[in-house]
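2 is the number of the first residue of the sequence shown in the numbering used here; add one for each residue after it.
For glycine and all other residues, C-beta sits at the position ideal for the given N, C-alpha and C.
One structure is given below, encoded as structure tokens.
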Amino acid sequence: MRELCKAAERARGAYNKAMEEAGNIRVVCRVRPTLPAEDEAERRAAGEGKELPPPPFEFDDVNKAHLSLVDRQRYPPIMRRYRFAAVLSPSSTQAEVFEEVTAIIDSVMSGVNVTVLAYGQTGSGKTYTMDGSPRDPGLISRTVNALFYKIQSDMPAGSKVRVHCSALEIYLEQIHDLLASNAKSARAESVKGGSGTLGGGGGGAKGGAGKLDVREEVPVAGVSGYVRVHVPGLVELEVSSAEAVEAMLERARACRAKAATTANERSSRSHAVTTLHVTVTRPGDTPHRAKLHMVDLAGSERLRDSRAKGEQLKETQAINRSLSALGDVIHSLKSGEAHVPYRNSKLTALLRDSIGGNNKVLVVVACSPLTKSASESMRSLDFAERISETVLGPAMRRATSAQSLLEKEAFRFNSFETVPSSSLAVLSPVQKSSEEEHRLR
Ligand code: ADP
Ligand code: MG
């Protein structure tokens, strides 16, 4: 982990600069690899000895932040080209993904709120990217490790750092505490975890179970533009080592999995928010408080069955509303609109003090590599483009054959121009389709 942190540190200067230029919203795209069973199914679908259709994504070895996507299931096929802060191809490792976000540690330590969001349809690799596996941990573990490495090895003498952790789920627009039922045992372990916190004064938990809601407070009297968000009653456990956080997250995942058995596939239909609350006091300085939210968003896919009723319909409406609200908040901040619609969903209300101002937002848009998922991937990338800083030239082209289109466009590939963010207010034809309008508004 030490090596990993050092390597990550090298990327920070460039990253910070890019982040400033990007207006504090950075969007990266990750396309996961095809799974062995999916490979097998594609071969079977193509027929014995037949050639497989070309994959929907094309990555650019030269302009690594570019990718193109062809949806051949539409007629005529649609091809779109995108550029993001970074594009992570199916061969990308968890460590490479972490390198894209590593500088958030410095931001958090200096009092800036940071939100990392994994966006994409169910099955696109959001949870793999955020949680990973014990053998190949994801962004959350890597970030927590790097944070504690920094606390233990890279702070001026006499500094005090306290870290509290909370984990919640937003399902059907209601907040559920994923640590509440375990608060007692977690608290005991947190105390056992001991002295990793610099001057941290042992472990401790705030909060408990009960009905949870988002509250806003104005910490500086008379300065109404500056709002701090909190969730009264949410368990926040003090943690003093990466291992203590890991143990806590295991409990949160178990709690989430238990809930999933009562509501079908609930983990894909809810937003999971892991938050580290960090307070840093350097000698002779006032304390800096910051929140680091790491969010595994609900699946962004459309509801296939228009006859869906009951829970399924309610779930989809709640997800649509909150993901649209998220897009609207980011978009209105980028456009400099006076009113930012934070209150349109629980998710945006919760993130109110962390999206906007000096705070930083990183969005990892996850995509499935499958041909049958191309249209959902395109919707995800359109969403990502809408909230990211730059768009590529004319957004959508049609052709009778996607291949001829690729050839026709090839010569332009190196000459894209950056379009100022203000021009994002003009939506592309794809986004203007009625379907899309419904989804985005
Ligand atoms: P989501 O959370 O978006 O629904 P998952 O993270 O559960 O998607 O990923 C779907 C499947 O793909 C899982 O079996 C997961 O292990 C696998 N997967 C996702 N990303 C990768 C990756 N980068 N490398 C290997 N397997 C992956
Ligand atoms: Mg998931």
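query, result
"Option nearest CYS368 by Cα separation, candidates THR35, LEU293, ARG27 and ASN114", "THR35"
"Rounded straight-line distance, which links the Cα of GLY48 to that of LEU250", "44 Å"
"Whole-Å CB distance - ILE388 paired with VAL365, under 8 Å assumed", "With 8 Å as the limit, ILE388 and VAL365 do not qualify as a contact, their Cβ atoms being about 12 Å apart."
"Local Cβ density within 10 Å of THR94, reported as buried at 16 or more and exposed below that", "exposed"
"Assigned exposure category for GLY159 - 16 Cβ within 10 Å defines buried", "exposed"
"Where VAL219 falls, given that 16 or more other Cβ within 10 Å makes a residue buried", "exposed"
"Residues proximal to the ligand MG by C-beta, any heavy atom closer than 7 Å", "THR123, LYS127, THR128, SER268, SER269 and ASP297"
"For HIS165, the first and last residue of its enclosing beta strand (DSSP E)", "161–172"
"Rounded straight-line distance, which links the Cα of LEU180 to that of ALA253", "6 Å"
"TYR129 - DSSP class collapsed to helix/strand/coil", "helix"
"Near the ligand ADP: ARG135 beta-carbon under 8 Å from a heavy atom", "In the sequence as displayed, the identity of residue 135 is Pro instead of Arg. Incorrect: PRO135 has no Cβ contact closer than 8 Å to the ligand ADP."
"SER93 Cβ short of 8 Å to the ligand ADP heavy atom set", "yes"
"For ARG267 and ALA326, the rounded distance between their alpha carbons", "20 Å"
"Other residues of its chain near MET131: CB distance less than 7 Å, five sequence neighbours each side excluded", "ALA119, GLY139, LEU140, ILE141, MET295 and ASP297"
"Straight-line Cα distance separating ASN146 from LYS361", "20 Å"
"Start and end residues, alpha helix (DSSP H) containing SER69", "It is not in any alpha helix (DSSP H) - SER69 instead sits in the beta strand (DSSP E) that spans 67–72."
"Spatial distance of PRO157 from SER111 (CA atoms)", "13 Å"
"Status (buried if at least 16 other CB within 10 Å, exposed otherwise) for ASP178", "buried"
"Beta-ladder partner(s) of ARG229, from DSSP", "GLU218"
"DSSP three-state assignment for GLY204, whether helix, strand or coil", "For GLY204, the pLDDT reaches just 39, beneath the cut-off of 50, and the residue's location in the model is therefore unreliable, although a value from the coordinates is still provided. Three-state result, GLY204: coil."
"Closer than 8 Å: THR130 CB and nearest the ligand ADP heavy atom", "yes"
"Element boundaries [beta strand (DSSP E), containing GLN175]", "175–178"
"Helix, strand or coil at LEU118 according to DSSP, with G and I counted as helix", "strand"
"Residues near GLU323 by beta carbon distance below 6 Å, same chain, minus five either side", "Position check: residue 323 holds Ser in this sequence, whereas Glu was assumed. Taken in chain order, the residues that qualify are SER346 and LEU348."
"Pair within 9 Å by beta-carbon distance, VAL274 and ILE171", "yes"
"ARG33: CB within 8 Å of a non-hydrogen atom of the ligand ADP", "yes"
"GLY285: CB within 8 Å of a non-hydrogen atom of the ligand ADP", "no"
"Cβ-heavy atom distance, LEU363 to the ligand ADP, below 8 Å", "no"
"Runs of beta strand (DSSP E) wholly within the segment 282–346 (minimum 3 residues, chain order)", "289–297"
"beta-carbon LEU36 near the ligand ADP non-hydrogen atom, thresh 8 Å", "yes"
"Environment of ASN25 [buried if 16+ CB atoms lie within 10 Å]", "buried"
"ALA104 in three-state terms, based on DSSP", "coil"
"Three-pair Cβ contact test at 8 Å for the segment 59–69 versus the segment 82–89", "yes"
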